[in-house]
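Heads up, the thing below is written out as structure tokens.
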């Protein structure tokens, strides 16, 4: 069976690559490999994670909305439908998304 792999893109820039590891209910768990565009996205991801960890729901939702406003896309490397409407969590070399 072939690995499911998505490029995380912002416009034409590849931010990172997500490789499927497991599906946990509504979340897709992946290995994350950052690319050149990662440094521009990292502060948004860090702000979201920090807000959720301190249980500041208003700040967390605001951070997630800021990530969504960036217009990120998950583009399957093997072809198929591009995912544009999703929640994203990245922590080190792990990522998960929900769509």
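Residue numbers (this note's numbering): 1107 to 1205. The beta carbon of each residue, even a glycine, is placed where N, CA and C say it ideally should be. Everything numeric in this text was worked out from a predicted model, so none of it was measured.
If you keep only unbroken beta strand (DSSP E) runs of at least 3 residues inside the stretch 1133-1194, you get 1133-1140 and 1178-1182. Around the beta-carbon of residue 1122, 16 or more other beta-carbon atoms lie within 10 Å, marking it buried.
Beta-bridge partners of residue 1122 (DSSP): 1114 and 1140. In this structure, the alpha-carbon of residue 1187 lies about 32 Å from that of residue 1164. Around the beta carbon of residue 1204, fewer than 16 other beta carbons sit within 10 angstroms, so the residue counts as exposed. Looking only at 1191, 1117, 1183 and 1202, the smallest Cα-Cα distance to residue 1146 is reached by 1117. Beta-bridge pairing by DSSP links residue 1130 to 1133.
Counting other Cβ atoms within 10 Å of its Cβ, residue 1130 stays below 16 and is therefore classed as exposed.
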